[in-house]
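Visitor: The sequence shown finishes on residue 79 if you use our numbering, and the numbering steps up by one all the way, no holes.
Even glycine gets a Cβ: it sits at the ideal position worked out from N, Cα and C.
Keep in mind the model is a prediction, meaning the values are calculated, not measured.
Pasting a structure here, questions to come.
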Amino acid sequence: MNTFKQLYAEVPLERRDAIKEDLERYGLEVYPAGFATKSLIACNFCKGAEETGLDTARTLNKQ
Numbered sequence: 017m018n019t020f021k022q023l024y025a026e027v028p029l030e031r032r033d034a035i036k037e038d039l040e041r042y043g044l045e046v047y048p049a050g051f052a053t054k055s056l057i058a059c060n061f062c063k064g065a066e067e068t069g070l071d072t073a074r075t076l077n078k079q
């Protein structure tokens, strides 16, 4: 677990897809390793969500 609340896991290549499906079934987001934008976070305890573009952050994260 890192400071961005991300969990890095090394899994056997032959089980990767099944493990990814299981994790997603339990509500976790799974991102590829390497150069990728991961888990964009916006403020959720003030007006940051409305004022700093939370919708844009979510759209970028989804892409």
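Measure the alpha-carbon distance for Leu23 versus Gly43 and round it to whole angstroms.
Guide: Approximately 14 Å, taken between the alpha carbons.
Visitor: Can you tell me the Cα-Cα spacing of Glu26 and Arg32, whole angstroms?
Guide: 9 Å
Visitor: Could you give the DSSP three-state label for Leu23: helix, strand or coil?
Guide: coil
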